[in-house]
Amino acid sequence: MIHSKINVILIITLFLSSSCAVNPLKQPQAQQIFGEKGVHSGNEKDLLERLKSLEESISKLSSEIKILEGYLKSLKIRPPISTYKLPQEVFLCGERIPLEDRNIWENLDREFLISLGNEAQVLLWMKRSRRYFPYIEEKLKDMGLPDDLKYITIVESTLRPEAVSISGAGGIWQFIPSTGEIYGMRKTKGLDERFDFFKATEGALMYLKKLYDEFQSWILAMAAYNAGENRIRKEIDSQRTRNYFYLDLPIETERYIYKIAVAKIILSNPKNYGFYIDENDYYAPLNVERIKIELSNPLPIIEVSKALGYYYKEIKELNPHFQEEAIPPGIHFINIPFGTSKKFWEFLSSWNKASQNP
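Residues 1435 to 1792 (our numbering) are what the sequence shown spells out, left to right.
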């Protein structure tokens, strides 16, 4: 059925193209009507009728094509990626990318086409964004930072809080342990808060703000987030320019800003680039209660899950920063399903009593 409708579209399109491409006044019939002295009066009415009939046919075919185009859109069939073009102007965190420089345009175009060609990955960006972007957006607004900074998580981890790189960076914002600890993420036996989405987000935004305060450019701040501020300082000093787009940097950092810009371009309006998702297909937003606890003894996560009426795996996935089967002693934040805090406090109270009086 679908193939037959598409064939109809092709036939109609070819017919319409051939009809519109040829000037009616150059048709053999029209040549018989026109002579050296102009239009023969006896045939003028016939010519007008022919032209009117042709106009009606074109109008009818145009309407049919619009209907069939709408049908194709409802099937969500993407045209070839070559049909999609970059916007004429692109801004990132309020800073303009100078696309009039052909080399810069080509760099952005490459990342644009690569992303368009990876349909599955873009769909995952879209699905995960409903889960993680709302909290990031809220924190950005609270801190007065540009909303575009949220797209860093697309490039760093494809919005996966459990992500680990080959270089040892971890979490949705991909902190290395030393930088993570500077910005409040503890890493001890059984605990790695780089994987705590909430704490990592707060730390990442503090770090980015600090980088902006130094470099006075969000694009340079993001580049420093990737390469390290020491590397960016060194390259600025040695190359005598503060313009990111003209700095000779490690290839990963040279592509970094372009990738973030492409994530913004596509996710700001995915339908413009042929990406469609039904509302029910987005991943559910995080719906948790975040509770601060103080433990004298290790708390088995299996006991927490039993008390709340959830599987061990479900509680563990909400708390990837707890690296072992038990929460270690100390002060921690635990994420539990929304609406279960009363059960949790009742359980913790009885568990504390039992652990103190074995």
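Glycine is no exception: its CB is placed at the ideal position from the N, C-alpha and C atoms.
### Message
On a Cα-Cα basis, can you pick out the residue from 1705, 1613, 1619, 1624 that is closest to residue 1553?
### Response
Nearest C-alpha to residue 1553: 1705.
### Query
Using the beta-carbon count (16 or more within 10 Å), is residue 1726 buried or exposed?
Burial is judged here by how many other beta carbons sit within 10 angstroms of a residue's own beta carbon; residue 1726 has fewer than 16 and is exposed.
### Cβ neighbours of residue 1732 in the same chain (closer than 7 angstroms, five flanking residues each side left out)
Its chain contains 1760, 1761, 1762, 1763 as the residues whose beta carbon lies nearer than 7 angstroms to that of residue 1732, once the 5 sequence neighbours on both sides are disregarded; these appear in chain order.
#### Entry: Proximal residues to residue 1694 (C-beta, below 8 angstroms), its chain only, five neighbours per side dropped
Close CB contacts of residue 1694 within its chain, under the 8 angstroms cut and outside five residues either way in sequence, are with 1526, 1582, 1585, 1586, 1588, 1589, 1656 (chain order).
### Task
Name the residue from 1568, 1603, 1708 whose alpha carbon lies nearest to the alpha carbon of residue 1515.
Comparing alpha carbon positions, the residue from 1568, 1603, 1708 closest to residue 1515 is 1708.
### Message
Check for me: the beta strand (DSSP E) holding residue 1770 runs from which residue to which?
### Response
Segment 1764 to 1771, the beta strand (DSSP E) holding residue 1770.
### Query
Which first and last residues belong to the alpha helix (DSSP H) in which residue 1728 is found?
Premise fails: residue 1728 lies in the beta strand (DSSP E), 1722 to 1729, not in any alpha helix (DSSP H).
### Per-residue burial, residue 1788 [other beta carbons within 10 Å of its own, 16 or more giving buried]
So residue 1788 counts as exposed.
#### Entry: Candidates 1722, 1710, 1771, of which the one nearest residue 1796 by Cα
Because the chain in this structure spans residues 1435 to 1792, residue 1796 falls outside the shown range and cannot be described.
### Query
residue 1517 by DSSP, collapsed to three states: which one?
The answer is helix: DSSP assigns residue 1517 an H, G or I state.
### Task
Give the single residue among 1701, 1660, 1674, 1664 whose Cα lies nearest to the Cα of residue 1688.
When only C-alpha atoms are compared, the closest one is 1660.
### Task
Quick one: give me the first and last residue of the alpha helix (DSSP H) that residue 1554 is part of.
From DSSP, the alpha helix (DSSP H) with residue 1554 extends over 1553 to 1577.
### Query
Can you tell me the Cα-Cα spacing of residue 1701 and residue 1560, whole angstroms?
Taking the straight line joining both Cα atoms gives about 7 angstroms.
### Nearest-angstrom beta carbon gap, residue 1679 and residue 1532 [assumed within contact, 8 angstroms]
Indeed they touch by this definition, with Cβ atoms about 6 angstroms apart.
### Query
Among all the DSSP beta bridges, which residues are the ones paired with residue 1622?
In the DSSP assignment, residue 1622 forms a beta bridge with 1625.
### Query
Any contact of the region 1665 to 1684 with the region 1647 to 1656, i.e. 3+ C-beta pairs under 8 angstroms?
Yes, since at least three Cβ pairs between the region 1665 to 1684 and the region 1647 to 1656 fall closer than 8 angstroms, the two stretches touch.
### Under the three-state DSSP convention, the category residue 1779 falls into
The answer is helix: DSSP assigns residue 1779 an H, G or I state.
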